[in-house]
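This report refers to the structure that appears directly beneath it.
Number of protein chains: 2
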Amino acid sequence: MALGKDYAQQQCSIARALEVVGERWTLLVVRDAFYGVRRYNDFLVHLGAPRAVLAARLQALVEAGVLDRRRYRESPPRDEYVLTGRGLALWPVLRSLGAWGRAELPGAVAVRHFHHADCGTELGAYGECPACRVPVPPADVEMRPGAGLDRDPADPVSRALLAPRRLLTPLQPGQEPS
Amino acid sequence: MALGKDYAQQQCSIARALEVVGERWTLLVVRDAFYGVRRYNDFLVHLGAPRAVLAARLQALVEAGVLDRRRYRESPPRDEYVLTGRGLALWPVLRSLGAWGRAELPGAVAVRHFHHADCGTELGAYGECPACRVPVPPADVEMRPGAGLDRDPADPVSRALLAPRRLLTPLQPGQEPS
DNA sequence: AATCAAGGTTCAATGAATGAACCATGCTGG
DNA sequence: CCAGCATGGTTCATTCATTGAACCTTGATT
Chain A
161 MALGKDYAQQ QCSIARALEV VGERWTLLVV RDAFYGVRRY NDFLVHLGAP
211 RAVLAARLQA LVEAGVLDRR RYRESPPRDE YVLTGRGLAL WPVLRSLGAW
261 GRAELPGAVA VRHFHHADCG TELGAYGECP ACRVPVPPAD VEMRPGAGLD
311 RDPADPVSRA LLAPRRLLTP LQPGQEPS
Chain B
161 MALGKDYAQQ QCSIARALEV VGERWTLLVV RDAFYGVRRY NDFLVHLGAP
211 RAVLAARLQA LVEAGVLDRR RYRESPPRDE YVLTGRGLAL WPVLRSLGAW
261 GRAELPGAVA VRHFHHADCG TELGAYGECP ACRVPVPPAD VEMRPGAGLD
311 RDPADPVSRA LLAPRRLLTP LQPGQEPS
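Chains A and B are the protein sequences, given in the same order.
The numbering of the first sequence is this note's numbering, which starts it at 161 and goes up by one.
The numbering of the second sequence is this note's numbering, which starts it at 161 and goes up by one.
Have a look at this one:
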């Protein structure tokens, strides 16, 4: 979406944020990263984005410091993409976008619920815990399936995301968390 | 950015929100609407977007129920675009995006500050008042220029936005608020 | 030696964005 | 009455991005 050339003249921090995460697919990649997706192929099957676009977005997010690319196996060499601190800071953006879509767009059925893992309370619109009155870091968020979730998805990533799980915990076994 | 065809299969409310506001320029149009911009020409000079794209975005936002197009003068007939309730609900999205851009992207200088008009306190990251501990509706937000703001912009819209002003108050005289 | 998995790249076709030019309506000044 | 102008667009050719299919590479597995 964004082109440095055009938005650059805008001093506004919203415009500058959109230069980084405003392109097509980008925020969905970030969303999946919060859900624990880390590998190229998992992003691919879950998003359904074209391979070339996914590769471009992952590279751009790494260059922007939102994702970190790191080796998780030496032989054969395989890399995974993990959210950096800068990426984790996007959690309120995803929360507010999702809250808006759920509240304001017709035909919304809750697909996933997000709870404060410490107390079980469902999060408020910005990712805060209404009971504890603290902002809940993504690592302390438990994601649970909602009524609107397809119970029998085709791809294995969606199937793995059916179970309740902590955000950021890797989808694939054999990876230590974050 | 978004194509109904592609994101539609995503049940996620984030994806559905991005179908509406995820295209290039769209969120900047909404941002300007919060700043009080209402007219085609004002959006045009402030955003610098191509005329055809602006026309397409305004129409799409009206169809999505984010903006309301209404006649403000009969002769010659002139319409303006005003945020609906659904559009006003996007305020936290803009806040969180702006907060992320300001906090996480290098070289950020505060361009605008947003204060709770009732008490003067600067808003928190999600548009809440830290002093009053309430979410502040956009109509109660006062926007003040920050250090990073260009003091001598070329276009008249940017010049009008130099002065402290309440959000949503129309840029042009002769229009009653909201 | 053939096959497979992961993680890409390349390519042609399509669709969207851009910027310049043009158009329509209705007012306003001479 | 005519010329010009403000507003709010549309049209069009060019450029750029996206898409989906096919292919490639590396290293392990059978």
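Ideal placement from N, C-alpha and C gives every residue a C-beta, glycine not left out.
Where residue i meets chain B, residues with beta-carbon distance less than 7 Å
i, result
"A285 (chain A)", "P252"
Where residue i meets chain A, residues with beta-carbon distance less than 7 Å
i, result
"G261 (chain B)", "S173, I174, R176 and A177"
Burial state of residue i, where buried means 16 or more other Cβ atoms lie within 10 Å
i, result
"T223 (chain B)", "Reading the sequence as shown, one finds Glu at residue 223 (chain B) and not Thr. The residue in question, E223 (chain B), is exposed, as its Cβ has fewer than 16 Cβ neighbours within 10 Å."
"G291 (chain A)", "At residue 291 (chain A) the sequence reads Ala, which differs from the Gly that was named. A291 (chain A) is exposed by the Cβ-count criterion."
"L218 (chain A)", "buried"
"L322 (chain A)", "exposed"
"G245 (chain B)", "exposed"
"E264 (chain A)", "buried"
"R211 (chain B)", "exposed"
"V294 (chain A)", "exposed"
Listed by chain order, chain B residues near residue i by CB distance under 8 Å
i, result
"A193 (chain A)", "Under the 8 Å cutoff, chain B gives no residues; its nearest Cβ is about 13 Å from A193 (chain A)."
DSSP three-state assignment for residue i, whether helix, strand or coil
i, result
"V317 (chain A)", "helix"
"L204 (chain A)", "helix"
"V253 (chain A)", "helix"
"R293 (chain B)", "coil"
"E240 (chain B)", "strand"
"Y195 (chain B)", "helix"
"R176 (chain A)", "helix"
"E264 (chain B)", "helix"
"L227 (chain A)", "strand"
"R246 (chain B)", "helix"
Listed by chain order, chain A residues near residue i by CB distance under 8 Å
i, result
"G258 (chain B)", "C172, S173, I174 and A177"
"L187 (chain B)", "I174, L178 and G182"
"R246 (chain B)", "E264"
Cβ neighbours of residue i in the same chain (closer than 7 Å, five flanking residues each side left out)
i, result
"G261 (chain B)", "A268"
"F203 (chain B)", "V189, D192, V197 and L214"
"C279 (chain B)", "C289, A291 and C292"
"H273 (chain A)", "E282, R304 and G306"
"P313 (chain B)", "R319"
Chain-order list of residues whose beta-carbon lies under 6 Å from that of residue i (same chain, five-residue window excluded)
i, result
"A168 (chain A)", "With a pLDDT of only 47 at A168 (chain A), under the threshold of 50, the placement of this residue in the model should not be trusted; the figure read from the coordinates follows. Result list for A168 (chain A): empty, nothing under 6 Å."
"D239 (chain B)", "R229 and R231"
"V180 (chain B)", "A224"
"A285 (chain B)", "A259"
Sequence-distant residues of the same chain with beta carbon closer than 8 Å to residue i, five excluded per side
i, result
"T281 (chain A)", "H275, C289, P290, A291 and C292"
"P324 (chain B)", "E302, M303, R304 and P305"
Task: Selection of the region 229-241 of chain A by Cβ proximity to chain B, strictly under 9 Å - done: none
- [ ] Using a Cβ-Cβ cut-off of less than 8 Å, give me the residues of the region 287-318 of chain B that come near chain A, in sequence order.
- [x] G308, L309 and D310
Task: Members of the region 267-278 of chain A near chain B, C-beta cut-off 9 Å - done: G267, A268, V269, A270, V271 and R272
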